[in-house]
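Numbering (UniProt numbering), first residue to last: 1 to 581.
Think of the CB as a built atom: it goes at the ideal place given N, C-alpha and C, for glycine as much as any other residue.
Down below is the structure, laid out as structure tokens.
Structure follows, in structure tokens:
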């Protein structure tokens, strides 16, 4: 920027006029760059008064017939962007015309419904200019874009931006197109100042975007579930566009009444594009959104990048806060996504999740008439029913997520776990699931072959030093999964009725040798949880009998697991004796 800028509009006009006239006569890159250089010598105030005059030759270049070099269009885009960044668009006609012209620069001349096959640099320049235009609109003129008469043009713009986000290979173009969508929906989250839509404006936005919601959901779900190599930034931005759009269309405050007040005037064929958000439409849309949401959660809940998992928490919290009554079919899925992040390994995700759950829980009721606790209980029962199948068929990441969801439900229910377990159906389903999931694999365990018998002198060191024998499970190998299962058992013991749980798992113990090892293992953890003991690992006492190798490799876990529980009173007695000395 020049050190001494021209403040007087008359002097600025005289200074810029030769460049503007020359550009109109000779539309070349050099002339555009010359005008751009002169623009930096004029103050923002003077540019504001000369805005239409300056933009005329630049827009004239875009509208002139014939093919134009990409370099020329890109130079024009950069010049227009500078003018829009320095001024405000105060005329609706200017906003509408600029919006249409920029959209034409994005679409293919032969097929206006598809993006043009231009360079990445040109696409980025046009997208940045379009985003700047949306930010520079002054006052409430921008909301005229969302009136019914503008649906065809607005729909074309949304379609182009979605196509770029979905099909473009360049990560920068994908991100820029998604940012434009946020600006177009008046949901931009950048650091610049934004117009804050009032209640009437939000209603107008919601009614208009309802027309495009199916296309938005389809395209963005494909982007979100795309190749992980596209980068987490694209995935996060696509998720944000989706839930912001859904939040506008399905907001509880808007759907308390039916859209019967279509703008006056003869809309002709455009009237067919207007969606009336009736109760039946709301229910059907909620069901369809649930399918999309299920796909989004499955792709992002165990995403390797923590920012994607954080955005899933934000998504769930936003929709539960804004439209829990309108998207009733989605509430269970949203709660599952939130609860699944309670034990996320990233502290920021965990902290955000706990804060969101606290806020949602304070709402008292969700999904109209269903109590929050009832939904959690139903989800817990449903998850317990599918847990054995998921543990057999899913990969380790998915298994860990499912178990964290299970653990999260228990944490949120807290003392109400006791009431849930009082239901015979819930108790049967949860206990049976644990028995099936924690089945030990003893087929390849060769404890005796790999380790010689320990002499009695080996038992003399303190029990804290005795190493644990690694346990091998039939349906998983990751230690994190076993750790999550132990936490679940301890949580059941901490909040549940200990006598009820012990009776139930002792039934399994006596019922069949198939469940005996799992029952003993679960009982150990339940008792630890009931006692409030927090230990990272349980110690094993060595076996001293040597039956046949086949029998021992099948039964050794039984002995070890039962012996684990014997250590707790021994260790507690030692601590008690030490405290008395």
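- In the three-state reduction of the DSSP assignment, residue 173 falls in the helix class.
- As the crow flies, the alpha-carbon of residue 302 is around 25 Å from that of residue 492.
- Bridge partners of residue 107 according to DSSP: 115.
- Here the alpha carbon of residue 211 sits roughly 19 Å from the alpha carbon of residue 293.
- When beta bridges are read from the DSSP output, residue 473 appears opposite 440.
- The beta carbon of residue 7 lies closer than 7 Å to those of 43, 45 and 46 in the same chain, with the five residues before and after it left out.
- Sequence-distant Cβ neighbours of residue 506 in its own chain, meaning closer than 8 Å and more than five residues away, are 519 and 523.
- Here residue 401 has 301, 302 and 340 as same chain residues with Cβ atoms under 6 Å from its own Cβ, once five neighbours each way along the sequence are excluded.
- The beta carbons of residue 151 and residue 249 sit no closer together than 7 Å.
- Counting C-beta atoms within 10 angstroms of its own C-beta, residue 209 has 16 or more neighbours from the protein chains shown and is therefore classed as buried.
- Contact between the stretch 350-361 and the stretch 425-434 is absent: fewer than 3 CB-CB pairs across the two stretches fall below 8 Å.
- In the DSSP assignment, the residues bridged to residue 137 are 89.
- Counting C-beta pairs closer than 8 Å gives fewer than three between the stretch 308-323 and the stretch 379-395, which falls short of the contact rule.
- Counting the other CB atoms within 10 Å of its CB gives residue 481 a total of 16 or more, which places it among the buried residues.
- Contact holds between the stretch 129-144 and the stretch 77-86, because three or more Cβ pairs, one in each stretch, are under 8 Å apart.
- The bridge partners DSSP lists for residue 42 are 6.
- Exposure of residue 66 is indicated by the presence of fewer than 16 other C-beta atoms within 10 angstroms of its C-beta.
- Around residue 333, the same chain offers 290, 293, 294 and 297 as residues with beta carbons nearer than 8 Å, after the five sequence neighbours per side are excluded.
- Three or more beta-carbon pairs separated by less than 8 Å link the stretch 496-503 to the stretch 414-421, which places the two stretches in contact.
- Counting only residues of its own chain and dropping the five nearest sequence neighbours on each side, residue 155 has a CB closer than 8 Å to the CB of 211, 212 and 273.
- When secondary structure is reduced to three states using DSSP, residue 198 falls in the coil class, being assigned neither helix nor strand.
- Between residue 195 and residue 186 the beta-carbon gap is near 7 Å, inside 8 Å, which marks them as a contact.
- Taking 8 Å as the upper bound for CB-CB distance, residue 320 and residue 331 are in contact here, some 7 Å apart.
- The Cβ atoms of residue 41 and residue 5 lie closer than 7 Å to each other.
- Here residue 217 is buried, its C-beta having at least 16 other C-beta atoms within 10 Å.
- Taking C-alpha positions only, residue 58 is separated from residue 93 by approximately 17 Å.
- With a 10 Å radius around the Cβ and a threshold of 16 neighbouring Cβ atoms, residue 229 comes out exposed.
- In the three-state DSSP reduction, residue 317 falls in the helix class (H, G or I).
- Taking residue 165 as the centre and dropping the five residues before and after it, the same chain places the C-beta of 174, 177, 178 and 223 closer than 6 Å to its C-beta, in chain order.
- Scanning 39, 157 and 123 for the CA closest to the CA of residue 96 turns up 157.
- For residue 20, the CB contacts under 8 Å within the same chain, skipping 5 residues up- and downstream, are 35, 53, 54, 56 and 57 in chain order.
- A Cβ-Cβ contact shorter than 7 Å links residue 306 with residue 346.
- For residue 362, the enclosing alpha helix (DSSP H) stretches over residues 347-362.
- Within the model, the alpha-carbon separation for residue 9 versus residue 15 is close to 10 Å.
- Here the alpha carbon of residue 276 sits roughly 24 Å from the alpha carbon of residue 221.
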